[in-house]
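Undergrad: For the sequence shown, the numbering used here begins at 12 and goes up steadily by one.
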Amino acid sequence: MSRVVFFTIQSTTAWWHYLASRMEFAEAFVLSDLRDEGDHSLVDDFYRFMDRPDAAAIALARFGRDGCDDIILRCRTLRGVDRDLAMRMIGGMTQAIELAYDKLDPDLVVTFTIDRYVMDLLERIANRRGIDFLEMATSIIPGQVMLMRRGRPIRLHDPSSKDVDAAVEQVCRDDFAPTYVRNLKRFSLARFWYVFGYHALRGVFFNVRRFLKRDRYNSHYLEALWWLKHRARPADVAVLRLIDHDWEKRLADVPREKRVFLGLQLFPEASMDYWLESQAMIAHDDVVVRYCEVLGRAGYRIFIKDHPLQFGFRQRALFQRLSKLPAVTLVPYDVPANVLISKCGVSVTFTGTIGFQAAVAGLCSVVSEPYYATEHEFVHIRDVGEIDELAERLARWQPPGDLAATRRTIMQHLVSISIEGDYFGWRNFDAENAALRAQVEPLVRSLNLHLPRFMKLRESAPAPTAAIGQR
12 MSRVVFFTIQ STTAWWHYLA SRMEFAEAFV LSDLRDEGDH SLVDDFYRFM DRPDAAAIAL
72 ARFGRDGCDD IILRCRTLRG VDRDLAMRMI GGMTQAIELA YDKLDPDLVV TFTIDRYVMD
132 LLERIANRRG IDFLEMATSI IPGQVMLMRR GRPIRLHDPS SKDVDAAVEQ VCRDDFAPTY
192 VRNLKRFSLA RFWYVFGYHA LRGVFFNVRR FLKRDRYNSH YLEALWWLKH RARPADVAVL
252 RLIDHDWEKR LADVPREKRV FLGLQLFPEA SMDYWLESQA MIAHDDVVVR YCEVLGRAGY
312 RIFIKDHPLQ FGFRQRALFQ RLSKLPAVTL VPYDVPANVL ISKCGVSVTF TGTIGFQAAV
372 AGLCSVVSEP YYATEHEFVH IRDVGEIDEL AERLARWQPP GDLAATRRTI MQHLVSISIE
432 GDYFGWRNFD AENAALRAQV EPLVRSLNLH LPRFMKLRES APAPTAAIGQ R
């Protein structure tokens with residue numbers, strides 16, 4: 012019988028175990044990098060191999076120097092620790108994963124979106140063994156999920172006109188907002204210190220927990236620690252002082268076609284670190300500043316609004332750099348993205364949903380490899396060098412002659428890569444709770460329907476070609 016491995020992360024193991032128990036097409040096992048969780052844990056093997064003197068040499072032997080550099084660059088934890096330690100962690104985890112694959116012998120591996128080096132290694136090693144590796148992510152369409160490979164969406168079905176019409180009606184509204192930002196409306200100074208204080212205490216908790224669990228280098232615990240490079244410091248409260256509360260006056264100074272809405276997104280974040288093929292594009296702050304410099308010289312006014320979930324996490328260095336650019340206005344956190352979309356002619360983002368919202372509103376939407384972007388309805392920036400030509404590309408861009416048709420094209424793509432299922436069903440999941448089990452049923456049906464095709468693909472076709480780094 013075929014075998015599927017589900018890789019779990021913190022707080023999701025019970026949910027993955029339940030999904031595994033409901034798979035009808037294969038034996039399913041839960042793999043974990045947490046101690047005493049899952050059907051197989053990587054923890055003990057990881058430390059056994061990491062503590063050996065050849066751990067770093069094994070990392071180099073498996074992935075080469077360029078491959079190791081890529082693994083470190085893309086992981087928010089590894090790029091914040093000593094390189095020697097990072098190399099030992101890569102070597103130790105690589106051997107632990109190889110042993111796990113030997114034992115579990117999977118035909119398919121499924122997990123959430125790659126957002127740390129452990130999942131990165133799981134994918135690279137599976138790829139080398141001819142095992143398909145799928146990431147599950149939430150779709151813009153509420154109540155649906157997607158299956159992807161390194162952020163590249165997989166077409167799962169051919170939607171009917173009725174399905175597309177329903178999605179357009181649901182998502183292409185002027186007041187649409189992703190589920191994870193709908194209730195975020197408080198952005199006061201007190202809120203900043205609450206967020207900062209909560210996560211500082213959380214860092215202390217996980218620093219203690221990693222020793223109590225005898226798992227001091229677990230990436231989940233390390234990522235919460237205050238000394239990593241991406242963590243906010245008390246002085247980052249200066250971000251709030253740099254925001255321009257008279258932004259609407261600046262807006263009135265330029266015509267709509269010269270207004271650019273640059274929506275920042277979470278950083279570090281999986282869709283930046285692992286979806287962008289170009290390593291240079293991962294340098295988030297530098298890329299944002301470069302966009303602003305290029306567009307500013309071309310006579311555009313750039314209105315920058317931070318992601319709501321970044322409140323309390325944004326480091327002041329970026330805002331300080333941006334505040335010195337005469338063409339930039341930093342918009343308050345509490346201004347809805349839809350307001351800026353309605354007032355600007357151009358949208359710039361990386362992979363965030365603002366790019367989608369802007370395109371279906373008829374704006375010129377500039378994006379960098381998000382799953383929702385079709386080839387002709389967006390302006391694609393795939394490498395830093397392309398930014399220098401952006402002003403010329405904007406000058407050539409023409410608004411859609413038939414916005415309804417453009418929306419349908421974008422939505423047809425989105426519906427074709429989305430299937431029924433609640434991505435957030437893992438939250439507080441309890442298999443003894445009938446209501447929570449019922450909430451998971453649509454996803455169970457979708458996985459049983461769609462995952463078998465990837466088992467067959469492995470038998471009849473070569474493994475997907477590696478696209479990022481040396482795998």
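Beta carbons: idealized from backbone N, C-alpha and C, even for Gly.
Which term fits Arg325, buried or exposed, when burial requires 16 or more other beta carbons within 10 angstroms of its beta carbon?
TA: buried
Undergrad: Going by DSSP, name the residue or residues bridged to Asp47.
TA: BP columns for Asp47 are empty, so no partner.
Undergrad: In the DSSP assignment, the beta strand (DSSP E) including Leu273 goes from what residue to what residue?
TA: Arg270 to Gly274
Undergrad: Need the endpoints of the beta strand (DSSP E) that Asp143 sits in, please.
TA: Asp143 to Thr149
Undergrad: Can at least three beta-carbon pairs, one atom from the stretch 279-292 and one from the stretch 332-350, be found at a separation below 8 Å?
TA: no
Undergrad: Just to check my reading of the structure: Tyr311 and Val346 have Cβ atoms closer than 8 Å, yes? What is that Cβ distance to the nearest angstrom?
TA: Their Cβ separation, rounded to whole angstroms, is 19 Å, which puts Tyr311 and Val346 out of contact at 8 Å.
Undergrad: Counting Cβ pairs, one atom from each stretch, are 3 or more of them under 8 Å apart for the stretch 70-85 and the stretch 247-265?
TA: no
Undergrad: What beta strand (DSSP E) runs, 3 residues minimum, are completely inside the stretch 62-130?
TA: 119-123
Undergrad: To the nearest angstrom, how far is the alpha carbon of Thr362 from that of Leu212?
TA: The straight-line gap from Cα to Cα measures roughly 31 Å.
Undergrad: If we call anything under 8 Å between Cβ atoms a contact, is Leu425 one with Ala178?
TA: yes
Undergrad: Could you work out which residue in Asp413, Thr417, Cys375 and Thr420 is closest to Ala406 when comparing CA atoms only?
TA: Cys375
Undergrad: Helix, strand or coil for Lys240 per DSSP?
TA: Coil, per DSSP.
Undergrad: Span of the alpha helix (DSSP H) holding Thr420?
TA: Leu414 to Ser427
Undergrad: If we ignore side chains and look at the alpha-carbon of each, how far apart do Ala68 and Leu132 end up?
TA: 16 Å
Undergrad: Hey, quick one: how far does the alpha helix (DSSP H) through Lys173 stretch, first residue to last?
TA: Ser172 to Val182
Undergrad: In or out: Gly162 buried (at least 16 other Cβ within 10 Å) or exposed?
TA: The Cβ neighbour count for Gly162, taken over all protein chains shown within 10 Å, is at least 16; the residue is labelled buried.
Undergrad: If you scan the stretch 326-394 from start to end, which runs of the beta strand (DSSP E) of 3 or more residues do you find wholly inside it?
TA: 339-341, 357-359 and 375-378
Undergrad: Could you spell out the range, first to last residue, of the beta strand (DSSP E) harbouring Met159?
TA: Gln155 to Arg160
Undergrad: Can you give me the Cβ contacts of Ser22 inside the same chain, cut-off strictly under 6 Å, excluding the 5 residues immediately before and after it?
TA: none
Undergrad: Kindly indicate the opening and closing residues of the alpha helix (DSSP H) around Val455.
TA: Ala445 to His461
Undergrad: In angstroms with no decimal places, state the Cα-to-Cα distance between Phe198 and Asn229.
TA: 32 Å
Undergrad: My guess is that Ala37 and Ser13 are in contact by the Cβ rule of under 8 Å, so how many angstroms apart are they, rounded?
TA: Indeed, because the Cβ distance is near 4 Å, the residues count as touching under 8 Å.
Undergrad: How about Pro381 and Gly396: do their beta carbons lie closer than 8 Å?
TA: It is not a contact, given that the beta carbons lie outside the stated cut-off.
Undergrad: Are there 16 or more other CB atoms within 10 angstroms of the CB of Pro170, so buried, or fewer, so exposed?
TA: buried
Undergrad: Give every residue of the same chain whose Cβ lies closer than 6 Å to the Cβ of Pro463, excluding the five residues on either side of it in the sequence, and list them in chain order.
TA: Closer than 6 Å at the Cβ level, and outside the excluded window around Pro463, lie Phe36.
Undergrad: Take Ser43 as the anchor and find which of Pro64, Tyr112 and Arg59 has the nearest alpha-carbon.
TA: Tyr112
Undergrad: Consult DSSP for Ile315 and reduce its assignment to one of helix, strand or coil.
TA: Three-state result, Ile315: strand.
Undergrad: List in chain order: all unbroken alpha helix (DSSP H) runs of 4+ residues lying wholly within the stretch 201-235.
TA: Restricted to the stretch 201-235, the alpha helix (DSSP H) segments that are unbroken, complete and at least 4 residues in length are 230-234, listed in chain order.
Undergrad: If you draw a straight line from the C-alpha of His210 to the C-alpha of Asn444, how long is it?
TA: Spanning the two alpha carbons is a distance of roughly 31 Å.
Undergrad: Under a three-way DSSP split, which group does Glu431 fall into?
TA: DSSP places Glu431 in the strand class (E or B) of the three-state scheme.
Undergrad: Which of helix, strand or coil does DSSP assign to Leu42?
TA: In the three-state scheme derived from DSSP, where H, G and I count as helix and E and B as strand, Leu42 is classed as strand.
Undergrad: In chain order, what residues of the same chain have a beta carbon less than 8 Å from the beta carbon of Phe322, not counting five sequence neighbours either side?
TA: Leu195, Phe198, Arg202, Phe203, Val206 and Tyr344
Undergrad: Starting from the C-beta of Ile108, find all residues in its chain whose C-beta is less than 7 Å away, skip the five residues before and the five after it, and write them out in chain order.
TA: Leu53, Leu132, Leu133 and Ile136
Undergrad: Determine the extent of the alpha helix (DSSP H) in which Arg301 is found, giving its start and end residues.
TA: His295 to Arg308
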